[in-house]
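Worksheet: one structure, shown below.
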Amino acid sequence: MQQDITTSTALPYTTVKGRNEKRADPSTPDYELMNLFNLLKAREPELLRRLLNSCAALLLKDEPAVPGYQAEKERFLVKTGRHLTSVHISQVAFFYCENKTVYLKTKDDRNHILKLSIEEIENTVSPRDFFRISRQIIVSRHSIKKIIIWFNGTLRVDLMPGDHANIIISKLRAPMFRQWLGE
């Protein structure tokens with residue numbers, strides 16, 4: 001006999017027709033919470049103790065729980081000739097990639113070569129202060145000179161300092177960019 005299974009949208013359970021039985025549905029966002037609730041309700045102290053110990057071990061680890069996350073950088077070490085210079089994040093206007101080389105542009109219009117990729121920079125700078133407007137450019141909130149509503153839902157951005165003008169933000173990134181600016 002084949003049983004019909006329907007999913008209720010109101011509860012995070014799968015109801016099996018023909019029986020008075022409910023099972024937790026793993027496709028719902030509350031699945032883990034329901035499992036924890038069932039553990040507390042069942043009062044299985046050993047299982048609950050193991051669960052809480054594993055959660056505490058994750059929280060006390062030095063490494064982040066999210067893979068790939070790095071702490072926000074305060075400074076970037078750049079090479080200028082034979083000298084190493086530390087550039088504070090507040091002096092950064094934007095990062096850009098040109099001819100497979102990543103540059104850091106400071107507010108005083110100096111370019112510095114970085115040995116990081118744009119993706120690595122995006123993961124290490126503060127998302128409150130920096131936004132990736134294209135595949136090649138990550139901008140600081142303070143380096144935006146002018147924003148123009150462009151064609152077909154895109155935006156055109158002029159940056160300061162330097163000659164980076166007429167940068168187009170795609171239709172897909174434009175709403176996220178507007179939301180970021182409004183924060």
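Per full-length UniProt numbering, the very first residue in the sequence shown carries number 1; after that it's consecutive.
A virtual CB, placed ideally from N, CA and C, is assigned to each residue, including glycine.
The structure presented is a predicted model; accordingly, all values stated were derived computationally and were not measured.
Does the beta-carbon distance from Ser126 to Glu72 come in below 8 Å?
Yes.
Starting from Tyr178 and walking both ways along the alpha helix (DSSP H), at which residues does that stretch end?
In the sequence as displayed, the identity of residue 178 is Arg instead of Tyr. Its alpha helix (DSSP H) spans residues 174-182.
If you follow the alpha helix (DSSP H) that Ser89 is in, where does it begin and where does it stop?
Here residue 89 is Ile; the residue named in the question, Ser, does not match the sequence. No alpha helix (DSSP H) contains Ile89, which DSSP labels as neither H nor E.
Looking at Lys107 and Pro175, is the spacing between their C-beta atoms short of 8 Å?
Contact flag unset, no.
Quick check: what's the CA-CA separation for Leu60 versus Arg128?
Rounded to whole angstroms, Leu60 to Arg128 spans 26 Å at the Cα level.
Starting from Thr124 and walking both ways along the alpha helix (DSSP H), at which residues does that stretch end?
Where Thr124 is concerned, the enclosing alpha helix (DSSP H) stretches over 118-124.
Quick one: Cα of Gln91 to Cα of Lys146, how far?
Those two C-alpha atoms are separated by around 19 Å.
Is the separation between the beta-carbon of His112 and that of Thr80 shorter than 8 Å?
The answer is yes: Cβ separation under 8 Å.
From the DSSP output, in three-state form, read off Ala56 for me.
Correct three-state label for Ala56: helix.
With DSSP run on the structure shown, which of helix, strand or coil describes Ser134?
If DSSP states are grouped into helix, strand and coil, Ser134 belongs with coil.
Please classify residue 201: does DSSP put it in a helix, a strand, or coil?
The structure shown does not extend to residue 201, since the chain is modelled only from 1 through 183, so no value can be given for it.
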